[in-house]
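Below you'll find the structure, written out as C-alpha cells, and then a few comments.
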Amino acid sequence: MANQSMRRRSQGSFAVWEARLPLILTYVFLIAGAFVMVMPFAWMVSTSVKPDREIFGDTIRWIPTELDLQNYTDAFEQTNMPRLFVNTVAVTAVAVASQVLLGSMAGYAFARLQFRGKMLIFFALLTTMMVPFEVLIIPVFLLIRFFPLAGGNDLLGQGGTGLINTLGGVMFPNFVSVFGVFLFRQFYLGFPKEIEEAAIVDGCSRIGVYWRILVPNSKPVMGTMALFAFLWSWNDFLWPLVVVKEDSLKTIQLGLSVFDQEQGTAWAELMAASVMAVVPVIILYIFLQRFLVSGGLTSGLKG
Amino acid sequence: MSNKLSRRDFLKIAATSSTAAGIALLGAQPIAAQADGVEFSLAMVDWSDPVQTAFEETIIPRFIEENPGSSVTINWTNWGRYNEEMTTAFASGVTPDVFQGGAVWAPQMARRNWAVPLNDFINADEEWDWDDFPAGLQADVTIRGDIVAVPYRQDLRTLWYNKEMLAEAGIDEAPSTWEEFLAAAQATTVRDGAGYAVEGYHFSDASGNWQRDWQPFLMWVHMADGQFLSDDLSTCALDSEEALTALEWLVALVHEHEVTSYPGLDPQGDLNVLAGRNAAMQLSSADMERVINLYAPDEAETIYPTLPLTGAVQATHSWVNKFFISSQTPDPAVSWGLLRFLTRQDILEVYSASNNNTPPRLSLLEAEYMSEKHKVVLESAVYARTFPQHHNLIALFRPIAAELEQALSGNKAAADALADATSAINEILADE
Amino acid sequence: MSLAVSERVAIKAEGVDWRDRIYRFYNSQAFVAFLFLLIPVLLLAALKIWPVFYNLYLSFTRYELFEPPRFVGLKNYKYVFTNKTAFQSIINTLLFTIEAVPIGTALALIIAKLLDQSIRGRVFLRTLYYLPVVSSVVVSAMIWRWIYSPQHGLLNFFLGLLGIPPQHWLNDPNLALISLVIVTIWGSIGSNMVIFLAGLQDIPRDVIEAARVDGASSLQNFLLITVPLMRPVILFVVVTFTISIFRNFGLIFMLTQGGPFNRTNTMVWEVYQNVFGYLRLGRGAALSVVMLIIVLILTLISFRVLRERQGA
C-alpha cells in the first residue's frame, strides 16, 4: 500500500528504482541462497577434475591448475559403470512406476472415499513412517529370505535363499511408500470437489473419476512423487548393501564404495563417479520441472 | 629364496607323511576335504585396490588351479557397514562360507556360535603349521580352548618419529622411555598462536570417530602395565593406579606440557599428520610406511619406527584381524580347504605384500617385501598385548571413549573419569 | 466392506436389474476403496506393520540373535529412561527437531514462493536450489566433512577472511549439533521447496490477484492468503521433515558418530548402536518404540496446530 502511494507521489528514476526494489531484493536473496546451496556441489565437480595433489592443499583452489579428466575414465573403468547404471535404472524404474501408481490410488481412497476404519488404517500407515529403517532391516531381510517360490524356496519359503542377492530383493521394499500415500492424500484433499461431483452426476463411475479427472490433473504431485521415488531408489545404499552379494548386481551407490576403501578415500575418482551418478537425477529434475509447475488445476477452478 | 623353498618342500614332505600316518591311525580324523568343483563364497573387508588385484590375479587363480572346477565368489566390503552386513546375513541364515573379522570378533563369534571351531582341522594339518603363528595371536583367536579363527594380519602400533625434525631439535636418538619421549616432544612442538603448527606428539585426529581416543590410550595403559579388564573378565580394571598413571600422563601432555592438542590436528586427506610434517611423533602401524611411500616419498628417509616405549614396562597393542568359517557353511571340512589355503605361508606372503600388512606368520619375517622398517614393526610383536576376550567389547569401549573425552578436554579429573568409566563398564559386565 | 454389504441389501430390496446392482456395488465407495487399497496395504502390512509389531514384541525381550528372545518385562524401557546416554539421545533428537524444522520449513516456503513468481531465471534458480537433494547422503556428508574441517575447511577459510579464529565445527560440543542442523536444512530445502511449489499451483491465482487489487502488499498476501491456503501442504512438510530428522542416520554415521560428548547422539544412532553394535535388539526395539510414540505425538500436535480443512 505504502509502495503504491509513494509511487503516485514521486516521479522519475528514483520511483523506477523503488518500484524495482522488491525485485532486486528478491534476486539478491535468491542468488545468495543459491550460492550457498551450490557451493558443496561445485566443490564436488571441481574435485573431480583435479589432480590428486591439489585436493588437499593448504590453499583452497576452486579452479584446478590443469584439467584432469583422467579421474572420469578411471572411475568409469574401475566400477563397471554401464552395469551399475543398468541395474540402478531397472531398480529405480520399477520403484518410480509402482510408488506413483499405488500411492495415487491409495491417496485417492484416503482423501475421497468414505469407508469404515479409514482414519485408523491411515494413521497406522502413517505411524510406520516414523520407524527408522535401521530397525526394520532385520525383519524385512527375513521377509525376502523366506519369500515363497524365489531363489530355490518352496511355497512356504523354505529351502533356498529367497530374494537375497537378486534385483527383486533390492526392489521389494520400494514398491510402495507411505510418504507417497500421504503426499497424494494431501493433494487430493485440496482438489476442488465440484468437478468430481459434476462428473458423477454426469454418470461417471468413481474409478472413472479417478482415472479421467484426478490422474490427468495430478501431474504436479505425480512429478513430485516420481522425483522422490527416483531419488530414494537411486541413492539407496544400506538396503542394496545387505541384499546384493555379487558385483554384477550392484547398484550405483554400492559401486561408489569402491573408492572408499580401507586405505583411504580416492577423492578425485569418487567425486568423478558421484558426478556421473548425479547427472541422471539432474536431467530428470529438469525434465520433470515442467510438470511440477504447470498443474492444470487452476483452470478447473475458474469454472 | 631357494633355501626357503627347500625348507618348505621338506616341511611339505614331513607334514604329508605325518598327516597320512595320523589318518591311518585315527581313522576319521577330519582334514580338509577335497574341494574340487565347489562354489565358495568369501566375504572380504580388507579392501584396497592392491589386495583386490592380488586376489583376482594371483590368489584365487592359484586356488582354482589346486582345486580344479571350484569357484570363489568374493563379496568386497569396507569396514563402515560390514557389521550390519554380517549381522543381517547371520540373522537370516544365508552367510558366506569364509569371512573376515576384526580385532574384537573372536569372542563374539564364539559366543554366538557363528564360527566353526577349527582345532580338529588344525591339529590334523601339520603341513600348514599352526606353530608358525606367534603365541599371542594364537591366544587371541582361542576362546576357552576353541580356535575359532585364523589370523591373516596384525596391526602392531609402535612409535613412528621424524628423524630430521628430532635432529633439528638436537635429539639424535629415537626416544625409548617416557621421559625421553617427553623431551623430544617438547623440543619439536611449534606453537601457532593459540594452536599448533607442529605437534611434538600427535595423540588423536580431529575427525569424529569414537575410536580415536581409546585406541592410543590403550597403548599408554599397556605401557603403564595396566589392563582393561580383570583376568577373569568379570570387572573393569581401569580404576587401577596403572591406568591412572597413563591417563594423567596424557592429560599432562595436552594441558601441562602442551605437546599435543585435543582434539588433534586434522590429517590432510590420506596424508596423515606425521607424513604431512604437522607432527614429529605418532603411535602408528606399518601402514605409515605405505602412506609415506605413496603420498610423501620425500619423507621416506626421515620417518622411522622404533620399538615400543618403556613406561613401567615396554609394551604396545596388537589388533589381530582373522578369517572365520561360518557355522552355516554346508561342509566345514570343505571350507577349511579354502581357509587353510588363504592362510598358507606362500599365500599370506602375496596377500601381506600387496597391502603392506604386518603378517601373522613368523616365517614371513624374512619375506622379500619385509623392509627394514617393517621388520622393526614385526619385532614389536614381542611386546604386544591383545584385547581381553570379552564378547561384547564394543559396548564396553563406549564408556571409556566418553570419559576419555571428559578427561582429555579438561572437564573432569583423570581419577574421576576412570572411576566413572569403571562403574559404567562394571554395570554392563554385570548385565551380561 | 460392510458398507458395500448394506448397500447391496438396500439395492436388493428395491429389486433393480442385476447389471445395475453390480454397477452400484462396483461403484460403491467401500468397494473402490478396497480395490485401491488392497495392494498398497498388503505390501505395507508386510514391509512395515509386521516389522513394527515384531519390534514391539522384541522391546519386551532380551534378544541377541543367537538364542531365542527371552521375556524381560519393562526392563528395556526402564533402561531407556534411566540410562544417561540413552535418555540424552531423546533430548538431542528433540533439540535437533526444534532447531531444524521451523527454520527449514519457513525457508523452503519463502524460497518456493519467491521462485513461484514469473521472474527471469526462475527455472535455473530452482534447479540450483534442488541440487543438494540429488546427491546421496554419503557424498554430501563427505563434502561437508571437508567444509567443516578445522584446518583445511572451507568454512574456517571464509571465517578467516573475516578475522574469526578457526572453529572445530564437528568436534566442539557447542557447535556439533548446530553444524548437523545446517547440513540437514541445506539438504532438505530443495525437496521441501518442490512440494511447496507443487502446492502453490493449487492456489487460485485470481484470489491473490483480487487481494492485490484490493491493495494487499506482497507480505500481506503471503501471510494472509498463501500460508492459510497452504496449510495441508505445510502440515505435510512439517510432519515428513520431522520424521526424516528422527530417522536421519547417514549424516550422523558419516560426520559425528554421536560425538562429541554425546551431543549428536540421537535416538536413531542409539538404536543403531544397540542393534548392530552391541547386538541388544530388545533395547534397540524399546528405544524405537519410544521414538515412534514421540513422533506420533508431534504429528498429532502438527495436525492440531495446522488443522486440516477437510475437502477444501
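Protein chains in written order, with this note's numbering: chain G, 63 to 365; chain R, 1028 to 1459; chain E, 128 to 439.
The beta carbon of each residue, even a glycine, is placed where N, CA and C say it ideally should be.
Quantities reported herein were computed from a predicted structural model and do not represent experimental measurements.
If we count the other Cβ atoms within 10 Å of its Cβ and call it buried at 16 or more, is residue i buried or exposed?
i	result
residue 1066 of chain R	exposed
residue 1120 of chain R	exposed
residue 1366 of chain R	buried
residue 1226 of chain R	buried
residue 1463 of chain R	Nothing can be reported for residue 1463 of chain R: it is not among the residues displayed for chain R, which extend from 1028 to 1459.
residue 1204 of chain R	exposed
residue 366 of chain E	buried
residue 132 of chain E	Low confidence applies to residue 132 of chain E: its pLDDT is 49, below 50, so where it sits in the model is not reliable, and the reading given next is rough at best. So residue 132 of chain E counts as exposed.
residue 436 of chain E	Residue placement at residue 436 of chain E cannot be trusted, given a pLDDT of 48 that sits under 50; what the coordinates show is reported in the next sentence. When all chains shown are included, residue 436 of chain E counts as exposed.
residue 422 of chain E	buried
residue 233 of chain E	exposed
residue 208 of chain E	exposed
residue 1467 of chain R	No information on residue 1467 of chain R is available, as it lies outside the stretch 1028 to 1459 that chain R covers here.
residue 361 of chain E	buried
residue 973 of chain R	Outside the displayed range of chain R (1028 to 1459) lies residue 973 of chain R, so it cannot be described from this structure.
residue 1438 of chain R	exposed
residue 1088 of chain R	exposed
residue 225 of chain E	exposed
Give me the residue from the options with the minimum Cα distance to residue i.
i	options	result
residue 1459 of chain R	R/1436, R/1423 and R/1444	R/1423
residue 1372 of chain R	R/1413, R/1408, R/1451 and R/1178	R/1178
residue 1303 of chain R	R/1318, R/1310, R/1313 and R/1314	R/1318
residue 1115 of chain R	E/413, E/305, E/408 and E/385	E/408
residue 134 of chain G	G/124, G/233, G/107 and G/125	G/107
residue 297 of chain G	E/266, E/188 and E/170	E/266
residue 1264 of chain R	R/1278, R/1248 and R/1113	R/1248
residue 1461 of chain R	R/1411, R/1368, R/1310 and R/1432	What the structure shows of chain R is the stretch from 1028 to 1459, and residue 1461 of chain R is not part of that stretch, so it cannot be assessed.
residue 1109 of chain R	G/327, G/335 and G/301	G/301
residue 175 of chain G	E/157, E/237, E/252 and E/228	E/157
residue 322 of chain G	E/390, E/381 and E/293	E/381
residue 183 of chain G	G/168, G/113 and G/192	G/168
residue 1321 of chain R	R/1167, R/1336, R/1333 and R/1296	R/1296
residue 1403 of chain R	R/1080, R/1257 and R/1311	R/1311
residue 1288 of chain R	R/1416, R/1330, R/1082 and R/1233	R/1233
residue 1382 of chain R	R/1147, R/1176 and R/1181	R/1181
residue 286 of chain G	G/304, G/130, G/336 and G/245	G/245
residue 255 of chain E	G/236, G/165, G/102 and G/252	G/102
residue 141 of chain G	G/341, G/112 and G/310	G/310
residue 213 of chain E	E/431, E/415 and E/428	E/415
Since residue i and residue j are thought to touch, with beta carbons under 8 Å apart, how far apart are those beta carbons, to the nearest angstrom?
i	j	result
residue 197 of chain G	residue 182 of chain E	6 Å
residue 109 of chain G	residue 117 of chain G	6 Å
residue 224 of chain G	residue 241 of chain G	Their Cβ separation, rounded to whole angstroms, is 26 Å, which puts residue 224 of chain G and residue 241 of chain G out of contact at 8 Å.
residue 1070 of chain R	residue 1127 of chain R	6 Å
residue 313 of chain E	residue 99 of chain G	7 Å
Please tell me whether, using a cut-off of 6 Å, the distance from the CB of residue i to the nearest non-hydrogen atom of the ligand FAD is below it.
i	result
residue 1377 of chain R	Only the bare structure without any ligand can be found here, which leaves the ligand FAD out of the picture.
Exercise for review: Taking only beta carbons into account, state which residues of the region 1277-1299 of chain R come closer than 7 Å to chain E, listed in chain order.
Suggested key: 1290, 1292, 1293 and 1295
Review point. Counting Cβ pairs, one atom from each stretch, are 3 or more of them under 8 Å apart for the region 336-350 of chain E and the region 211-228 of chain G?
Key: no
Check your understanding: Of the residues that make up the region 313-347 of chain G, which ones have a beta carbon closer than 9 Å to any beta carbon in chain R?
Key -> 319, 320, 322, 323, 324, 325, 326, 327, 328 and 329
Point to revise | Residues within the region 1137-1162 of chain R neighbouring chain E, beta-carbon criterion of under 9 Å | key: 1138, 1139, 1140 and 1141
Exercise for review: With 8 Å as the limit, tell me which residues of the region 160-191 of chain E have their beta carbon closer than that to any beta carbon of chain R; keep them in chain order.
Suggested key: Taking 8 Å as the Cβ-Cβ cut-off against chain R, the residues of the region 160-191 of chain E that qualify are 191.
Exercise for review: Anything in the region 177-194 of chain G with a Cβ closer than 8 Å to a Cβ of chain E? List those residues in chain order, please.
Suggested key: 177, 178, 180, 183, 186, 187, 188, 189, 190, 191, 192, 193 and 194
Review point. Got a sec: which bits of the region 1331-1354 of chain R sit with their beta carbon under 9 Å from any beta carbon on chain E, in order along the chain?
Key: none
**Study point:** Chain-ordered residues of the region 403-429 of chain E with a beta carbon less than 8 Å from chain R
**Key:** Listed in sequence order: 403, 404, 405, 406 and 407.
Review point. When you check each C-beta in the region 1091-1118 of chain R against every C-beta of chain G, which residues fall closer than 7 Å?
Key: 1100, 1102, 1105, 1106, 1108, 1111, 1112, 1115 and 1118
Review point. Using Cβ-Cβ distances below 9 Å, what residues of the region 1062-1075 of chain R are close to chain G?
Key: 1068, 1070, 1072, 1073, 1074 and 1075
Point to revise | At least 3 beta-carbon pairs within less than 8 Å: the region 1410-1428 of chain R vs the region 1447-1456 of chain R | key: With the cut-off at 8 Å, the region 1410-1428 of chain R and the region 1447-1456 of chain R touch.
Check your understanding: the region 290-308 of chain E: which residues have C-beta closer than 9 Å to a C-beta of chain G, in chain order?
Key -> none
Point to revise | Contact between the region 258-265 of chain E and the region 340-353 of chain G (3+ Cβ pairs under 8 Å) | key: yes
Practice item. May I ask you to verify whether the region 1341-1355 of chain R touches the region 1408-1415 of chain R, counting CB pairs closer than 8 Å and requiring at least 3? Key: yes
Review point. Is the number of C-beta pairs between the region 1151-1162 of chain R and the region 1277-1285 of chain R that are closer than 8 Å three or more?
Key: Taking a contact to require three or more Cβ pairs closer than 8 Å, the region 1151-1162 of chain R and the region 1277-1285 of chain R do not qualify as touching.
Point to revise | Interface residues of the region 1416-1438 of chain R facing chain E [CB-CB below 7 Å] | key: 1419, 1421, 1422, 1429 and 1432
Check your understanding: Looking at C-beta atoms only, is the number of pairs between the region 1166-1177 of chain R and the region 1349-1368 of chain R that lie closer than 8 Å three or more?
Key -> Touching, yes.
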